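Participant: Under our numbering, read the sequence shown as residues 1 to 232, first letter to last.
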Amino acid sequence: MVVNRRISREKYILAAIFTVLIFSLGLAMGIILDYERLRWIEQITKTYDVDFRGLQFQVLYLNSLEKDNASCDVLYATLESAIADLGDSLETIQEYEKQSKGKQNDFDIITRRYLLDNLRYWLLVRETKDLCGFDAVEILYFHSLDDCDTCPNQGVVLSYFKKKLGDKLLVFPVNVDIGEDEPSIGMIKRKYDVKKLPTLIIEDKKYEGVIERNELNKVICQGFKTKPEVCA
1 MVVNRRISRE
11 KYILAAIFTV
21 LIFSLGLAMG
31 IILDYERLRW
41 IEQITKTYDV
51 DFRGLQFQVL
61 YLNSLEKDNA
71 SCDVLYATLE
81 SAIADLGDSL
91 ETIQEYEKQS
101 KGKQNDFDII
111 TRRYLLDNLR
121 YWLLVRETKD
131 LCGFDAVEIL
141 YFHSLDDCDT
151 CPNQGVVLSY
161 FKKKLGDKLL
171 VFPVNVDIGE
181 DEPSIGMIKR
191 KYDVKKLPTL
201 IIEDKKYEGV
211 IERNELNKVI
221 CQGFKTKPEV
231 CA
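1. Please list the terminal residues of the continuous alpha helix (DSSP H) segment that includes Pro152.
2. Apply the 10 Å Cβ neighbour rule to Leu200 and answer buried if 16 or more other Cβ atoms are within range, or exposed otherwise.
3. Taking the straight line between their C-alpha atoms, what separation do you get for Lys206 and Glu212?
4. Under a Cβ-count criterion, where at least 16 other Cβ atoms within 10 Å of its own Cβ denotes burial, should Ala232 be classed as buried or exposed?
5. What residue range is occupied by the uninterrupted alpha helix (DSSP H) comprising Val230?
6. Do you know offhand how far Lys225's Cα is from Gly133's?
7. Can you name, in chain order, every residue of its own chain whose Cβ lies under 6 Å from the Cβ of Lys164, other than the five neighbours on each side?
8. Applying the criterion that 16 or more other CB atoms from any shown protein chain within 10 Å of the CB defines a buried residue, is Leu145 buried or exposed?
9. Determine the direct distance from the alpha carbon of Thr150 to that of Trp122, and round the result to whole angstroms.
10. To the nearest angstrom, report how far apart Ile110 and Glu182 are at their CA atoms.
11. Alpha carbon to alpha carbon, what distance is there between Ser71 and Leu172?
12. Taking the alpha helix (DSSP H) that Leu216 belongs to, which residues open and close that run?
13. Ala82: buried (16+ other C-beta within 10 angstroms of its C-beta) or exposed?
14. Give the single residue among Tyr192, Tyr76, Lys218, Asn217 whose Cα lies nearest to the Cα of Asp130.
15. If you drop the 5 nearest sequence neighbours on each side, which residues of the same chain put their C-beta closer than 8 Å to that of Lys168?
16. What are the boundary residues of the beta strand (DSSP E) that Lys205 is part of?
17. Any idea which residues DSSP pairs Ile83 with across the strands?
18. Does Glu138 come out as helix, strand or coil in the three-state DSSP assignment?
Okay, structure coming up:
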């Protein structure tokens, strides 16, 4: 009887040790994955910073010359590709943030950095359009992941037009959830008097609430000099 109790107690001890080992292994793997994710994000951020500086130089260089259509075409293609990559990377970061078991603050800072990169590219697009006369429409998309039930609906409509128009439509999402930490959001919201979500700023004009496909089609098409097929 005593022997059986001793064996049972040993089983419980072994089970407890095994559970602790499994938990520790899972925790260690989570920390390692977070470290690798943050390292990847930091590397990508550095790459985007260099890319932006390169594009900025191209704009400054073109400003010093007479209008050069060939150079403008190369600049715009590079800019559109960089913006697309930025959007893809931001989606990856948001997915990493959901899976992360590490410090939330690390991801908050990185998300702010990506938002600022997005806004820098938005300003660069505006300058490039003025310089080269590109026939494209830019949209600032104010939304929230936490406090806007209808924002996903607007996102679906914007994605539809992005697929249809490609590099003719440039969408720059602005996540207002990080507004308290990032003064730039407050500044732009005040500039356009953004009080409702979602809000679209299309070619410097404000549109509040969800803009359905037919209405948005008309608004976007007004911004083109030469109408694409979707506007026919």
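From the three backbone atoms N, C-alpha and C, an ideal C-beta is built for every residue, glycine too. Quantities reported herein were computed from a predicted structural model and do not represent experimental measurements.
Facilitator: From the atom records:
1. The residue labelled residue 152 in the question sits at position 152 within the sequence shown. That run of the alpha helix (DSSP H) goes 151–165.
2. Indexing the sequence shown from 1 puts residue 200 at position 200. It is buried - the Cβ of Leu200 has at least 16 other Cβ atoms within 10 Å.
3. As a working note, residue 206 is residue 206 in the sequence shown. As a working note, residue 212 is residue 212 in the sequence shown. Distance between the alpha carbons of Lys206 and Glu212: 15 Å.
4. As a working note, residue 232 is residue 232 in the sequence shown. Result: exposed.
5. Here residue 230 corresponds to residue number 230 of the sequence shown, with the count starting at 1. Premise fails: Val230 is in no alpha helix (DSSP H) and is neither H nor E.
6. As a working note, residue 225 is residue 225 in the sequence shown. As a working note, residue 133 is residue 133 in the sequence shown. Taking the straight line from one Cα to the other gives about 10 Å.
7. Counting from 1 along the sequence shown, the entry for residue 164 is found at position 164. So the list reads Val230, once near-sequence residues are dropped.
8. Locating residue 145 in the sequence shown gives position 145, counting from the first residue. It counts as exposed.
9. Taking the sequence shown and counting its residues from 1, the one referred to as residue 122 is at position 122. Taking the sequence shown and counting its residues from 1, the one referred to as residue 150 is at position 150. The straight-line gap from Cα to Cα measures roughly 24 Å.
10. Sequence index remark: in the sequence shown, residue 110 carries index 110 (1-based). Sequence index remark: in the sequence shown, residue 182 carries index 182 (1-based). Cα to Cα, the separation comes out at about 12 Å.
11. Locating residue 172 in the sequence shown gives position 172, counting from the first residue. Locating residue 71 in the sequence shown gives position 71, counting from the first residue. A quick correction: the sequence has Phe, not Leu, at residue 172. Their Cα atoms are separated by approximately 24 Å.
12. As a first step, residue 216 must be located in the sequence shown, where it is residue number 216. Here the alpha helix (DSSP H) through Leu216 covers 213–222.
13. Walking along the sequence shown from the start, residue 82 turns up at place 82. By the 10 Å Cβ count, Ala82 comes out buried.
14. Locating residue 130 in the sequence shown gives position 130, counting from the first residue. Closest by alpha carbon: Tyr76.
15. By 1-based counting over the sequence shown, the position of residue 168 is 168. Contacts found: Asp135, Ala136, Val137, Phe224, Pro228.
16. Against the sequence shown, residue 205 aligns to sequence position 205. Unbroken beta strand (DSSP E) run through Lys205: 205–208.
17. Along the sequence shown, one-based indexing puts residue 83 at 83. DSSP output for Ile83 lists no bridge partner at all.
18. As a working mapping, residue 138 is identified with position 138 in the sequence shown. Note: Glu138 maps to strand in three-state DSSP.
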